[in-house]
Each structure stands twice: as structure tokens, then as C-alpha cells.
Amino acid sequence: LPQPADRLAAMSVVISPGGLAAAPVTTLPGPLRSLPQVVALAAPATSRVMVPSYVAPPTAAYGAAGVASYTPPITTMAGPSGVASYVPPVAVAGASGVASYVPGVVPPPYAAAPGSMAYMPPQQQAAGPGAVAYMPPPQQAASSAAPPASAAERLSLTRGFPDPTSIEEQKAAYSRSLESQLDHGSQSLQQQNRDRKQQLYEAATQRKQQLLLQVEQQMKMQEMALDEQTNQAMMGLKKAALDQRAALESQAASLTLEYQQRKMAEEFQATQAEMQRQYMESHTKLQSEVHKQYLESQQRMQNEVQKQERGPAEINGVH
Numbered sequence: 001l002p003q004p005a006d007r008l009a010a011m012s013v014v015i016s017p018g019g020l021a022a023a024p025v026t027t028l029p030g031p032l033r034s035l036p037q038v039v040a041l042a043a044p045a046t047s048r049v050m051v052p053s054y055v056a057p058p059t060a061a062y063g064a065a066g067v068a069s070y071t072p073p074i075t076t077m078a079g080p081s082g083v084a085s086y087v088p089p090v091a092v093a094g095a096s097g098v099a100s101y102v103p104g105v106v107p108p109p110y111a112a113a114p115g116s117m118a119y120m121p122p123q124q125q126a127a128g129p130g131a132v133a134y135m136p137p138p139q140q141a142a143s144s145a146a147p148p149a150s151a152a153e154r155l156s157l158t159r160g161f162p163d164p165t166s167i168e169e170q171k172a173a174y175s176r177s178l179e180s181q182l183d184h185g186s187q188s189l190q191q192q193n194r195d196r197k198q199q200l201y202e203a204a205t206q207r208k209q210q211l212l213l214q215v216e217q218q219m220k221m222q223e224m225a226l227d228e229q230t231n232q233a234m235m236g237l238k239k240a241a242l243d244q245r246a247a248l249e250s251q252a253a254s255l256t257l258e259y260q261q262r263k264m265a266e267e268f269q270a271t272q273a274e275m276q277r278q279y280m281e282s283h284t285k286l287q288s289e290v291h292k293q294y295l296e297s298q299q300r301m302q303n304e305v306q307k308q309e310r311g312p313a314e315i316n317g318v319h
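Here full-length UniProt numbering is used: position 282 in the sequence shown is 282, and no number is missing along the way.
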């Protein structure tokens, strides 16, 4: 049979809420020199069987950082009145959600014969991140006070011990069980992966909808702000147009009034010029008539004078 460091350990993968938990199924017995009593391979189920004082092999526990660590098993020496029992190891979830394996406390499964010594598995301690240190198994010497074994016990070392054929059969059965558990675990992991992807897709879809809603809300707010700015600009433009229109009307009224004033002044000047012309015409006509009458009166006066002068002359000539 193999040495303690080369034992065959079958692990069953179990999906737990915290992650993967590795629980040992069975292991083959240790070296023959430390097993003087009857030895039987344990079945995959955790039932009480008569097995040697063997503690489940140490298993590396994966913590939060994924570094192998180890919790050494607690081993109890077989006493003179030990009773065979089996306590399965407990899977404890680690900090990262991955279950860590902690071997359970295994009491002595059989009553040791006087002068025999119990087997203790090798202890391993964490040597640091990424490395596991190995310590050779401690060996205990037989009690010097125990009486020597009988000749029948010395001659019946293989009595009840499984032969290689039985070992191979049990190994094949355990291998099939391991394959079945591996397939079940793989399917469970794949299903968990699909479920997780579906959750991721749903979360991404929900996030997209939230982002779209948020973008639409921001767009609506920006549209409202833009509409408000546009309305304010339109009000300012209308006010400026009204002011310009009022100024234009005032200027037009002022220009119209000035035109009317100029027109009245122009008409007054035209009327005054016409009156001046009529006055000058009347004055000229009057002066012409006065001068004409003056000339006529002068002519009559001269005629009268001449007439008066001719009168005495004619009278003198006649005489």
C-alpha cells in the first residue's frame, strides 16, 4: 500500500450557498506497519465502520487571497477501551465565499491492543503565500509497560484485511462515484454559470434602462432650460421691437409736424408775396393815372393861358 504522502483521496464537489465545499469521501488506509488490527475500506457514505485509527488527510483550504493554508487535524490516541466511530469532516466557508476544508475530530475507531501504537497522519503548516510546508509524521514508540502480543495475533496480520482485488473493486466503485459527483458538480457549476450570466444580463439590461431614463430626464431638463432661455430672448426681442417702433412713430410725428409748419410758412410767404404784388400793381396804376391827370390839367392850363394871350392881340389887330 502507498505511503501516507501518496494516499488516494477522493473528493466530492458540493455546491453550497457560500461557494464550493470540498468534502472527503474515503481514503485508503495507511502503511501496514502501523495497522496491526483488522482493516476495512470505508464506504462513500458516512456510516460507522470498523477502520483503523486514521484521520482524514489534510487538505489545503483556500482563503480570501487564494493561498493554500492548512488546519492540522486533531488526533486522539486509541485507549485500551476505545470504541469504533466515525465523524465526518466539516466544510467551513472561507472569507472569499469558497468553502474551506477543516478535518473533523476523529476518535479512535477501534480498541488498540496492548503494546500497539496508533497512526497519526503527517501535519502540514502554511509556510507562506503560495507554498505549503511538509513535516514528517511523528512516530510514537510502543509502551514498554504493555505485554507482548500473542503468537496468534502476530500470525493473523492479514486476517480481515482487504486483498488487492477488493481494493481495486472498491477503488473502481469510488472512482465511478467520484466521476458521477464530478459530473454533477460540473453540471451544477455550469448551471450556476448560466444563472449568473443571466443575472448579469438582466442587471445590465436594467442598468441600460436606468441610464436611458436618466439621459432622457437630463435631455428633458435641458430642453426645458433651452425653451425658457428662448422665451426670455423672444420677450427681450419683442420689447426692443416695441421700443424701436415707438421711437419711429415719435420721429415720424415730429417730422410730420415740422413739415406742416414749413408748409404753413411757405403758404404764408406765398400769400404775402401775392399781396405785395397786387399792392405794387395798384400803386403803379394809381401813379400812372395821377400823372396822366396831372399832364392833362397842365395841358388845359397852358391852353387857357395861350387862349387868354391871343384874345387881346386879336382885338388890337382888328382896330
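Just so it is clear, CB atoms sit at the ideal spot from N, CA and C, and this is done for glycine as well. Note that the structure is a prediction, hence the values are computed from the model and not measured.
Does DSSP put F161 in a helix, a strand or coil?
coil
Going by DSSP in three states, S175 sits in which element: helix, strand or coil?
helix
S180 to E202, Cα distance in whole Å?
32 angstroms
DSSP-derived helix/strand/coil call for S156
coil
Whole angstroms are fine: how far does the CA of M275 sit from the CA of Q269?
10 angstroms
Would you mind sorting Q306 into buried or exposed? The rule is 16 or more other CB atoms within 10 Å of its CB.
exposed
Nearest-angstrom Cα distance between M235 and A252?
25 angstroms
Backbone CA spacing between L178 and Q214 [nearest angstrom]:
52 angstroms
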